[in-house]
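**Student:** A single structure is presented below for examination.
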Amino acid sequence: MAELVYKRLRDDAKPSHIATKSVRQFYDPVKQMFLPDRYVKGTCPNCGTPDQYGDNCENCGATYAPTDLINPHSVVSGATPEMRDSEHYFFKVGDFAELLRDWLAGKLTDGNPVMHSSVAAKLKEWLDAEGGVRDWDISRDAPYFGFPIPDAPGKFFYVWLDAPIGYLASFKKYCASELGAKNGLNAASFNRFMEQGKPASTSLPESTITAMHHFIGKDIVNFHGLFWPAMLEGARLRTPNALHVNGYLTVNGEKMSKSRGTFIMARTYLDAGLNPDYLRYYFATMLGPEPVDVDLNLKTFVDIINSHIVGKFVNIASRCAKLLETHFENVLGEDFWSPPNEIVHGSEAALECFAHIERQLKFVPALYEAGEFRDAVTHIIRAADYANEYIARSAPWALARDAAKRGELHVVLTAGVNMFRMLACALRPIIPLASQWAAKFLAIDLNEFVFPKGLTLSGNIANRKVETYEPLLTRVDLKQIESMIESSKDSLGDGMPPAQALSPAPARGRGLGEGGSRNSEDQKPPSPQPSPPNDKAVQGRGSKAAAVSSDAPPSSESQVPNPGSTTSIDDFAKLDLRVGKVLACEFVDGSDKLLRFELDAGELGKRQIFSGIRAAYGEPEKLIGRNVVFIANLAPRKMRFGVSEGMILSAGSGGDDLRLLDVDAGAQPGATVK
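Start counting the sequence shown at 16; every next residue gets the next number (the working numbering).
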């Protein structure tokens, strides 16, 4: 598909939307390779934030050429790159400037806003910048991952050209799959949807309105808000109907951290016995159409799930189901809500409650459509409160003790089960697993949870048997959260803060839990992730600060000194820093972080050291013969991979940005670093 889009942009328009230019770009003289954008770092030319990649600034959002960076360096070798010429391919985004203005104004979507006004305003700034929107460099020189450009040996598509195309390619593959066939799709469905804008499924009428929505992070707005719709228009494919932009995710108010156990993997979350619907619901309570950051406060997470999902939603079913089974063998009562049925004893209060619930839920579909998930949840929980108040006032457990009130009891239980049904339908987009469980309990097809019918009395069920209630959604125990955090902690202290590792005794300053410096792993995970613009603790440091490779656990007693604080020469002298010559270096089986080094330490003999810098050195055998600096007087640490006898020093912001310190070739193994 990338080739299809590219060839349409190149060949179908006269003049072509693709141009070639000779580009002076960075070349790594050490690794002898041209450097892609993400292989160059430096200071942002727009806002002055250091440690930014070569294509866009994660602080201010500006896009630029790698050559615009101030004080650039190669993230592969650390060397200052040279300038060399190479022919590159460009997409002439400016050809679509007027279309993009119309798109941002909603003129291509019948006046409906395509995105939040703040996002549109930012994109319009770039579009209306002096000189207009620049041609976009869509090629990269080998070696590079991704797809080769047709008829251009040694050239590859830039990742942000082919990545959005991957969304469409995935849908195209789904259309032709066995699963797609079950939903009325076939190989031709994709073309119907993308090129004619018709419904993909042949089971839908031609008049069906279809839409394409994108959900993205705020750091990639320019690629999806300017380049992507222009590409689609030039390739004669439909443009998105809406762009939903989200902010960054923090945990407990801070950037995710492996050392604190808040860099949580999906598998770790599930292994702690936590339902994925819980996380989806928590996020929904925070998300609106605006691109705000979201904090996963784990204590608040527990409180919200236990209060909303278990205490309000599930509580309705659990309060009614057991009594329905005991007194009516799981059979619901007669329909008392559809005219011209007569009002039966006890139904007045139920009908009043149903009216309140319907009034709340009628807003939900439009709120979902607008990306107002937070407000949708607010209305759903108000509806749940009405249902719980009705059940509490009706007190079915008390009615069950009076045989004369059996009819009234049946009304209350039937009403309660249907109120639960309405809420399960309303929550289906947020908690799909719970909705499946609810449909099974109600003995109805999941497709009956459809808007707007499922949110009204017209979707109610009566005079039929439901399944025996089995709880699926239960309260979250804080011990589950503690277990998840403990399992997420890096047992090897990956990304230990430099000052913490280098200080043999506690130093003055704030600890990590009190807002001190972040560690190297916190600043940049192994795969490049954006740093939140408001994360002042991380910005401005980057690779300028010495970092220690991830070889030992952080000490709970150590403290991180305040920026600008000093240490005495006596404290520094406690460290025995030595030169070591790498005799062997290899991957460690069972670890995706570690390399095993065997060093010649001169008079100290041979040393084995495990270092958490695998992400930075994919070919460890190339390190053999290098001189490195290591701390020789650390107590040996026994690990499941073996004993680590020291700590190798490196510099960088963490993950794949760490670089070993170079030592002059004349230094002898075992020499003391002074």
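From the three backbone atoms N, C-alpha and C, an ideal C-beta is built for every residue, glycine too.
1) CB Ser89 to CB Leu50, shorter than 9 Å?
2) Can you tell me whether Pro684 is helix, strand or coil according to DSSP?
3) Looking at Ala477: is its Cβ nearer than 9 Å to the Cβ of Gly361?
4) Do the CB positions of Met209 and Leu252 come within less than 9 Å of each other?
5) What did DSSP end up calling Ile320 once you bin it into helix, strand or coil?
6) Quick one: grab the DSSP three-state call for Thr581.
7) Going by C-alpha distance, which of Asp417, Glu373, Pro158, Lys270 is nearest Ala398?
8) Tell me the DSSP secondary structure of Phe186 in three-state form.
9) Rounded C-beta distance between Ile9 and Phe435? I'm assuming under 8 Å.
10) Would you kindly work out how many angstroms separate the C-alpha atoms of Leu676 and Phe612, rounded to a whole number?
11) Given a threshold of 16 other Cβ atoms within 10 Å of its Cβ, counted over all protein chains shown, does Glu636 qualify as buried or as exposed?
12) So what's Phe106 in DSSP terms, helix, strand or just coil?
13) Smallest Cα separation from Ala441: which of Gln375, Lys480, Glu501?
14) Taking all protein chains shown into account, do 16 or more other C-beta atoms lie within 10 angstroms of the C-beta of His228, making it buried, or fewer, making it exposed?
15) How would you write the range of the alpha helix (DSSP H) that Gln375 sits in, first residue to last?
16) Going by alpha carbons, who is nearest to Thr35 out of Lys653, Asp166, Ala77, Gly63?
17) When you compare the segment 264–278 with the segment 236–252, are there three or more beta-carbon pairs, one atom per stretch, that lie closer than 8 Å?
18) If you measure between the beta carbons of Met16 and Phe106, is that distance less than 9 Å?
19) Less than 8 Å separating the Cβ of Glu140 from some heavy atom of the ligand SAM?
20) Does the count of Cβ pairs from the segment 463–477 and the segment 419–428 closer than 8 Å reach three?
21) Can you tell me where the beta strand (DSSP E) with Ser665 in it begins and where it stops?
22) What residue range does the beta strand (DSSP E) around Ala599 cover?
23) Locate the beta strand (DSSP E) running through Glu613, then write down its first and last residues.
24) DSSP three-state call for Asp100: helix, strand or coil?
25) When the Cα of Ala630 is compared with those of Tyr173, Gly657, Lys46, Arg674, which residue comes out closest?
26) From this set, Asp26, Gly288, Asp310, Trp452, which residue's C-alpha is nearest Arg490's C-alpha?
27) Please return the same chain residues whose Cβ sits closer than 8 Å to the Cβ of Tyr182, not counting the five positions on each side in sequence.
28) Nearest to Pro306 by CA position, among Gln47, Lys137, Lys504, is which residue?
29) In whole angstroms, what is the alpha-carbon distance linking Asp10 and Arg53?
**Tutor:** Reading it off the structure:
1) Translated into positions along the sequence shown, residue 89 becomes position 74. Translated into positions along the sequence shown, residue 50 becomes position 35. Cβ distance < 9 Å, so Ser89 and Leu50 count as in contact.
2) Mapped onto the sequence shown, residue 684 falls at position 669. Secondary structure at Pro684: coil, using DSSP grouped into helix, strand and coil.
3) Working through the sequence shown from its first residue, we reach residue 477 at position 462. Working through the sequence shown from its first residue, we reach residue 361 at position 346. Taking 9 Å as the Cβ cut-off, Ala477 and Gly361 do not qualify as a contacting pair.
4) Numbered from its first residue, the sequence shown carries residue 209 at position 194. Numbered from its first residue, the sequence shown carries residue 252 at position 237. Going by C-beta atoms, Met209 is nearer than 9 Å to Leu252.
5) Locating residue 320 in the sequence shown gives position 305, where the first residue counts as 1. The three-state secondary structure of Ile320, taken from DSSP, is helix.
6) The residue labelled residue 581 in the question sits at position 566 within the sequence shown. Here Thr581 sits in coil by DSSP.
7) Working through the sequence shown from its first residue, we reach residue 398 at position 383. Per the Cα distances, Glu373.
8) The sequence position of residue 186 within the sequence shown is 171, counting from 1. In the structure shown, Phe186 sits in a helix (DSSP, three-state: H, G or I).
9) The structure shown does not extend to residue 9, since the chain spans only 16 to 689, so no value can be given for it.
10) Within the sequence shown, residue 676 is the residue found at index 661, counting from 1. Within the sequence shown, residue 612 is the residue found at index 597, counting from 1. Cα to Cα, Leu676 sits roughly 15 Å from Phe612.
11) The count along the sequence shown starts at 1 and reaches residue 636 at position 621. Result: exposed.
12) Numbered from its first residue, the sequence shown carries residue 106 at position 91. Three-state DSSP puts Phe106 in a strand.
13) Reading the sequence shown from its first residue, position 426 is the one you call residue 441. Gln375 is the residue among Gln375, Lys480, Glu501 whose C-alpha sits nearest the C-alpha of Ala441.
14) In the sequence shown, counting from the first residue as 1, residue 228 sits at position 213. So His228 counts as exposed.
15) Along the sequence shown, read from residue 1 onward, the residue named residue 375 stands at position 360. Element bounds for Gln375: 362–376.
16) Your numbering for residue 35 matches position 20 in the sequence shown. When each option's Cα is compared against that of Thr35, the closest is Asp166.
17) no
18) Taking the sequence shown and counting its residues from 1, one reaches residue 16 at position 1. Taking the sequence shown and counting its residues from 1, one reaches residue 106 at position 91. Not closer than 9 Å, so no.
19) Looking for the ligand SAM in the displayed structure turns up nothing, as the structure carries no ligands at all.
20) no
21) Residue numbering aside, residue 665 sits at position 650 when the sequence shown is read from its first letter. Ser665 -> beta strand (DSSP E) spans 662–666.
22) For this step, residue 599 is matched to residue 584 along the sequence shown. Counting along the chain, the beta strand (DSSP E) containing Ala599 begins and ends at 592–602.
23) Here residue 613 refers to the residue found at position 598 of the sequence shown. Taken as a continuous stretch (DSSP letters only), the beta strand (DSSP E) holding Glu613 covers 610–615.
24) Start at 1 with the first residue of the sequence shown, and residue 100 comes out as number 85. DSSP places Asp100 in strand when its eight states are reduced to three.
25) For this step, residue 630 is matched to residue 615 along the sequence shown. Among Tyr173, Gly657, Lys46, Arg674, the Cα nearest to that of Ala630 belongs to Arg674.
26) For this step, residue 490 is matched to residue 475 along the sequence shown. It is Gly288.
27) Numbered from its first residue, the sequence shown carries residue 182 at position 167. Cβ within range, chain order: His229.
28) As a first step, residue 306 must be located in the sequence shown, where it is residue number 291. It is Lys137 whose Cα lies nearest to the Cα of Pro306.
29) In the structure as shown, the chain starts at 16 and stops at 689, and residue 10 therefore has no counterpart that could be examined.
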